[in-house]
Structures are given as structure tokens and as C-alpha cells.
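S.K.: The numbering of the sequence shown is our numbering, which starts it at 1461 and goes up by one. The structure that follows is given in the form of C-alpha cells.
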Amino acid sequence: MAILSFHFLLLLLLLGAFSSLPTQAAARGGHDPSGYVGNHGSFSRNLLEDKPRITEEMVYGYMTNPELEVAVHAFGSRCPNISRIYSIGKSVNNFPLWVIEISDKPRQKEAEPAFKFIGNVHGDEPVGREVLMHFANWLCDNYLKDPLATLIVENMHLHILPTMNPDGFALRWRGNANNVDLNRDFPDQFSPFNNDINYRQPETRAIMNWVKQEHFTASASLHGGALVANYPWDGTRDKNKYYYGCPDDKTFQYMASVYSQSHYNMSLSKEFEGGITNGAFWYPIYGGMQDWNYIHGSCFELTLEISDTKWPKAAELPVIWEHNRMSMLNLVASLIKSGIHGRIFAADTGRPISGSVMIKGIDSKVRASRTYGDYHRMLAPGEKYEAVVASMEGFRPKSTRIVLEQEAVNLDFILDPIEPDGQMKLTRNDCGCPCDNDKLFHVQEAHLWLYILVLFVLLILYLLFKRKTASRLLTYRYSPRRPIAV
Ligand SMILES: *[C@@H]1O[C@H](CO)[C@@H](O)[C@H](O)[C@H]1NC(C)=O
Ligand SMILES: [Zn+2]
């Protein structure tokens, strides 16, 4: 027992020593890159300088945490048909991390892409939490009125976490209640010592479990202190500052540009060409949320800096929301309007399978969901992709060539199972017993009549249903995708 606790103490000491390293580093969000002095990850600015006094006057007009909680639930009661309120965990000080899910079928899984928005990662960057509440309410008010709002509500699932760090907000500082910078707390590809989920802060752990549970296609976190759309990688292996693109660099540039070009003036930035930047090119950070999402969740995440000042006067918040409105809408809608989408099926059973999809020349893969076998692969439009490969253990991979123009492509795969001896399964005999052909034929014939009967009943039901919903479908119908099956 004594030895055990001694080891534990030692471990804690070691962890303490290590975790103090990344917190020394500069801040993604509100960090002035001119403060960067040199190599090997040393920065002139530290957390202390990032903590100016936040006065009562600055906070005036911003929602407190209890007020935000009320606003989230008020949204839920105002727009119950297209939303669901749930919590993904609690902060250190036990404040629930409330999420608003927006979709026309908010309580169901569907074969649709999912996007998540996270605000207030840093306690002292409150603009995101306010803007996200504006965003949710705008979607609710404009569903079935505005085409983009309707498109988003009907064709995807949007999850909004207004604050990831309520404690930091209440304490008016950057980190959480333990003063850990949450955007340095994720397992990092270059720091293997922080890979254990049990040593993460509760807020970080909540996000990690959430990403493992939901099947997010893309996401964005909102920060303040600069005006730029930042994309992976955030860190370099040697800790030096240079452009370090991830395998999906082109797609990320496209997504970041969608945000920046749709923004009131982000793309006019003098500091960042086109208003976008590679994270490591700006300044490398380690343990960030963005890289982790891409590596472990196949979730294409951007880090968005949406206002030069961290605490603009509350009266300016509606204007900042307006400046970001089209950006947010277009970024979220890009999950429907671009990329390759489809489902993967097993040829023998006809069931959906959670295979994965890879693009030749891009070293990353996205997984299809378990429930529907649907996958959603973000890709930069206007490119030729030599081979889109779907694979699954126990099945023969299939590949096809795609020219992706401005619109999304629908691409389904039907994979043939491989027999244990490596041969392709050509015919299928479900009996698993030597049944004679004559009997088999009769069984199939009986099935056939049953199928026809069921189809007939379904058809009648469908026609009845269609009559009822025709008016709704007429209001808005979106089907720009080019359907292909392989
Ligand atoms: C964008 O507009 C805001 C508000 O008018 C202004 O404060 C900021 O300096 C502008 N930024 C750029 C890059 O033009
Ligand atoms: Zn930040």
C-alpha cells in the first residue's frame, strides 16, 4: 500500500512537471504572434501576460453561466421540434456542459453528416458563446423560411456547445478551474506522455467521449483575440514554426476559406493571407483540440478566431454575430454541398457495414457509421480523385475514380465478402446445410410472394404518407448530389 501510493505520488509529480511545459507555451487565441521569439517552443509571452484584469465594465451585458443555461433551455422549449438539449458532462466545478442539437429529427440517428460548434474553450474568450446562441436562435427562426437554414436542419445534425469552459468564464481567466488550458490538454501526436484519457481534465474528457460517440464529419471551435480561420496541423515534430500541412491540407484550406470568404472582413486581413492560416505556421501548439479531432475522430476541425478583441462591448455582439452569420452557415452547409457521401453495404446480406473510405494519395480515412453505414468525406471541390477506395475487414475493397466539381457526389459501395480461404464468395447458401435445389427453389418462391406482398403494403403506406407530407416536401427539397453506386 505504501509503495503503491509512493508510485502514485511520483507519477503525479512527473505529470505535474510535464503538464507545466505546454501551459508555458503561447495561446491559440489572442496570442500576438509578434511575441514569438524563437525556436524550440519558447515564447516570450506566458499565461500571466494573457490574463489582463477583466473588469465588471467589460463583463457588463454578457450572459452569466446561469443565464446561459436558462437561454439554452429556453431555446429547447421554443424550438422543440427541431432540437434536443443534452449534457456531455460537467466542468470541474460541476457546471453541466449543455449541448443544443439541431435537426429535423433531433432524437434519431440518420444517415447524415454531423457538425459540432464549440464556444468559450478559453474562459476569457466569451464572444463565441454569445454568437452560438444567436446562431441557434437564427436557425430556429428561419427554418422553412431561409433555404440555408432549411438545408441545414433537414440534411444534417448540428451540435452546439456554447461553453466548454464555464468555470474559466466565471473565474474570468483562460484555463479551467484547475487553471489548465483546455486547448493544450488533448493527447498530442508528438507528446506521447499525455495519451491517457484518465489524466485529462473533465471538460477535455467530455469532448473526447463525445467525439468517440457521435460520428462528426467536421467541427469548429470559436476563440477571440484575432481574426483568422486556423487549420491543422497545430504542432510540428521539431517544435519549430513553419507551414506543416496535414494529409487533407487542400480540404482544410478550402473549409477555412469558406469561413473567411463568407465573413464580413476576415479575408481582408493584412496579417493572414486570405484570412486563413496553418496552425504551425502561425505558432505551434501542442495538445490542441483541433489536431486531436482530425487524428482520433476523423473530424475535420477548424479553430476560428472571430474577434480581434476578446471582450468587445456587449452592445457590439449582435454586429459580430452578423459578421459571422454567413460564414457559420456556409461552413456548416459545406458538409452537405461538397465532398463525397454515401453508404457501404455488404453484398451478401445487403446490410450496411461500417467500412472506411480512403482517397488515393491522401493518408487519412473516414469511417462509415455503424447504424447506417453512411460516410461523409469532406474534399476540396474542383479536383480529380484518382481512386476513392472503400474497404472493410473480411470484404474485397472497391475503388472508383471521381471528378469532384462544385457539388457533392453521392457514392455508395457494395462490398463482396471474402471467404476464409481468400476466395471470393460467388454464390450464397444461407442454409449452411446441404439442402437440395428443389427445396431451395420452393423456399425462395414462397419468399418471393411474401416480398411482393410486403412491397405492395409498403407502397400503399408510402402513397398515403406522401399525400400527407407532399406540401412539406414541396416547401423545400434539396437533391444536388450526383448519385453513383459502385
Ligand atoms: C473588420 O471590421 C472590424 C469592425 O468594423 C474592425 O474592427 C477590424 O479592424 C476589421 N478587420 C479587418 C481585417 O479589416
Ligand atoms: Zn482561445
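Heads up, the beta-carbon is just placed ideally off N, CA and C, and yes, glycines get one too.
Kindly provide the ranges of any beta strand (DSSP E) runs that are 3 or more residues long and lie completely inside the segment 1587-1657, ordered along the chain.
M.R.: For the segment 1587-1657, whole beta strand (DSSP E) runs of length 3 or above, ordered along the chain, are 1617-1621.
S.K.: My understanding is that Trp-1558 touches Val-1532, with C-beta atoms under 8 Å, so please give their C-beta distance in whole angstroms.
M.R.: Reading the sequence shown from its first residue, position 98 is the one you call residue 1558. Reading the sequence shown from its first residue, position 72 is the one you call residue 1532. Right, their Cβ atoms sit about 5 Å apart.
S.K.: Please determine if the segment 1579-1588 and the segment 1625-1633 are in contact, where contact requires at least 3 C-beta pairs separated by less than 8 Å.
M.R.: The segment 1579-1588, when compared against the segment 1625-1633, does touch it at the 8 Å Cβ threshold.
S.K.: Hey, could you find the ends of the alpha helix (DSSP H) Val-1792 is sitting in?
M.R.: Along the sequence shown, read from residue 1 onward, the residue named residue 1792 stands at position 332. Residues 1777-1797.
S.K.: At 4 residues or longer, and completely inside the segment 1511-1572: list those alpha helix (DSSP H) runs for me, N to C.
M.R.: Counting only runs of 4 or more, we get 1516-1519 and 1525-1538.
S.K.: Sorry if obvious, but does the Cβ on Ser-1729 come closer than 6 Å to a heavy atom of ligand 1?
M.R.: One-based indexing of the sequence shown puts residue 1729 at position 269. Within the cutoff, so yes.
S.K.: Who are the Cβ neighbours of Arg-1697 in its own chain at under 7 Å, not counting the five residues just before and after it?
M.R.: Position 237 of the sequence shown holds residue 1697. Answer for Arg-1697: Phe-1650, listed in chain order.
S.K.: Going by beta-carbon coordinates alone, are Phe-1760 and Ala-1678 separated by less than 7 Å?
M.R.: Counting from one through the sequence shown, the residue named residue 1760 turns up at place 300. Counting from one through the sequence shown, the residue named residue 1678 turns up at place 218. Yes, Cβ-Cβ distance for Phe-1760 and Ala-1678 is below 7 Å.
S.K.: On the three-state DSSP scale, how would you describe Arg-1830?
M.R.: Start at 1 with the first residue of the sequence shown, and residue 1830 comes out as number 370. If DSSP states are grouped into helix, strand and coil, Arg-1830 belongs with coil.
S.K.: Could you compute how far the alpha carbon of Glu-1782 sits from the alpha carbon of Ser-1767?
M.R.: Here residue 1782 is taken as the residue at index 322 of the sequence shown, counted from 1. Here residue 1767 is taken as the residue at index 307 of the sequence shown, counted from 1. One C-alpha to the other measures close to 12 Å.
S.K.: By the 10 Å Cβ neighbour count, where 16 or more other Cβ atoms means buried, how is Trp-1909 classified, buried or exposed?
M.R.: Start at 1 with the first residue of the sequence shown, and residue 1909 comes out as number 449. Per the 10 Å Cβ criterion, exposed.
S.K.: Exposed or buried, Phe-1855, counting other C-beta atoms within 10 Å across all chains shown (16 or more means buried)?
M.R.: Numbered from its first residue, the sequence shown carries residue 1855 at position 395. By the neighbour-count rule (16 or more Cβ atoms within 10 Å), Phe-1855 is buried.
S.K.: Helix, strand or coil for Arg-1861 per DSSP?
M.R.: By 1-based counting over the sequence shown, the position of residue 1861 is 401. Three-state DSSP puts Arg-1861 in a strand.
S.K.: Which residue comes first and which comes last in the beta strand (DSSP E) that contains Met-1838?
M.R.: The residue given as residue 1838 occupies position 378 in the sequence shown. Segment: none, Met-1838 is in no beta strand (DSSP E) and carries neither H nor E.
S.K.: For the segment 1603-1622 against the segment 1555-1569, are there 3 or more C-beta pairs whose distance is under 8 Å?
M.R.: They touch, by the three-pair rule.
S.K.: Tell me whether the beta-carbon of Phe-1712 lies closer than 7 Å to the beta-carbon of Tyr-1691.
M.R.: Counted from its first residue, the sequence shown places residue 1712 at position 252. Counted from its first residue, the sequence shown places residue 1691 at position 231. Taking 7 Å as the Cβ cut-off, Phe-1712 and Tyr-1691 qualify as a contacting pair.
S.K.: May I ask you to check if the CB of Glu-1527 is nearer than 6 Å to at least one heavy atom of ligand 2?
M.R.: For this step, residue 1527 is matched to residue 67 along the sequence shown. Outside the cutoff, so no.
S.K.: Classify Thr-1887: buried if its beta carbon has 16 or more other beta carbons within 10 angstroms, exposed otherwise.
M.R.: Counting from 1 along the sequence shown, the entry for residue 1887 is found at position 427. Bear in mind that a pLDDT of 44 at Thr-1887, under 50, signals an unreliable position, so the number given afterwards is only what the model happens to contain. So Thr-1887 ends up on the exposed side.
S.K.: Tell me whether Phe-1646 is buried or exposed, calling it buried when 16 or more other Cβ atoms sit within 10 Å of its Cβ.
M.R.: Within the sequence shown, residue 1646 is the residue found at index 186, counting from 1. With 16 or more other Cβ atoms within 10 Å, it is buried.
S.K.: How big is the Cα-Cα spacing for Leu-1762 and Asp-1751?
M.R.: On the sequence shown, position 302 is the one that residue 1762 refers to. On the sequence shown, position 291 is the one that residue 1751 refers to. Those two C-alpha atoms are separated by around 9 Å.
S.K.: Short check: CB of Ala-1716 to CB of Ala-1689, under 7 Å?
M.R.: The residue labelled residue 1716 in the question sits at position 256 within the sequence shown. The residue labelled residue 1689 in the question sits at position 229 within the sequence shown. Closer than 7 Å, so yes.
S.K.: Closer than 6 Å to a non-hydrogen atom of ligand 2 - does that hold for the CB of Glu-1590?
M.R.: Within the sequence shown, residue 1590 is the residue found at index 130, counting from 1. No; taking the cut-off as 6 Å, the Cβ of Glu-1590 has no heavy atom of ligand 2 nearer than that.
S.K.: Leaving out five residues before and five after Pro-1573 in sequence, what residues of the same chain have Cβ atoms less than 6 Å from its Cβ?
M.R.: By one-based count along the sequence shown, residue 1573 stands at place 113. Closer than 6 Å at Cβ, skipping near neighbours: Met-1616, Thr-1677, Leu-1795 and His-1836.
S.K.: Are the segment 1782-1791 and the segment 1837-1857 touching, with three or more C-beta to C-beta distances below 8 Å?
M.R.: No: fewer than three Cβ pairs fall under 8 Å.
S.K.: Between Asn-1725 and ligand 1, is the CB less than 6 Å from at least one heavy atom?
M.R.: The residue labelled residue 1725 in the question sits at position 265 within the sequence shown. Yes.
S.K.: Where does Met-1818 fall in DSSP's three states?
M.R.: Along the sequence shown, read from residue 1 onward, the residue named residue 1818 stands at position 358. Strand at Met-1818.
S.K.: Compute every distance between the C-beta of Glu-1663 and the non-hydrogen atoms of ligand 2, then say whether any falls below 6 Å.
M.R.: Position 203 of the sequence shown, counting from 1, holds the residue named residue 1663. No; taking the cut-off as 6 Å, the Cβ of Glu-1663 has no heavy atom of ligand 2 nearer than that.
S.K.: Within 6 Å: the Cβ of His-1582 and any heavy atom of ligand 2?
M.R.: As a working note, residue 1582 is residue 122 in the sequence shown. Within the cutoff, so yes.
S.K.: Per DSSP, Ala-1868 forms a beta bridge with which residues?
M.R.: The residue you call residue 1868 lines up with position 408 of the sequence shown. Beta-bridge pairing links Ala-1868 to no other residue.
S.K.: Let me make sure I understand the geometry here. Which of Lys-1820, Gly-1757 and Pro-1880 has the alpha-carbon closest to that of Glu-1846?
M.R.: The count along the sequence shown starts at 1 and reaches residue 1846 at position 386. Out of Lys-1820, Gly-1757 and Pro-1880, Lys-1820 has the C-alpha closest to the C-alpha of Glu-1846.
S.K.: If you check the beta carbons only, do Leu-1864 and Glu-1879 fall under 7 Å apart?
M.R.: Translated into positions along the sequence shown, residue 1864 becomes position 404. Translated into positions along the sequence shown, residue 1879 becomes position 419. Their beta carbons are not under 7 Å apart, which means Leu-1864 does not touch Glu-1879 by this criterion.
S.K.: Please report the straight-line C-alpha distance between Glu-1812 and Leu-1921, rounded to a whole angstrom.
M.R.: The residue given as residue 1812 occupies position 352 in the sequence shown. The residue given as residue 1921 occupies position 461 in the sequence shown. Residue identity differs from the one stated: residue 1812 is Pro in this sequence, not Glu. Cα to Cα, the separation comes out at about 24 Å.
S.K.: Glu-1585: beta carbon under 6 Å from a heavy atom of ligand 2?
M.R.: Taking the first residue of the sequence shown as position 1, residue 1585 is located at position 125. Glu-1585: yes, Cβ under 6 Å from ligand 2.
S.K.: Which word fits Pro-1566, buried or exposed, when buried means at least 16 other C-beta atoms lie within 10 angstroms of its C-beta?
M.R.: Position 106 of the sequence shown, counted from the first residue, corresponds to residue 1566. It is buried - the Cβ of Pro-1566 has at least 16 other Cβ atoms within 10 Å.
S.K.: Would the beta-carbon of His-1783 be found less than 6 Å away from any heavy atom of ligand 2?
M.R.: Start at 1 with the first residue of the sequence shown, and residue 1783 comes out as number 323. Outside the cutoff, so no.
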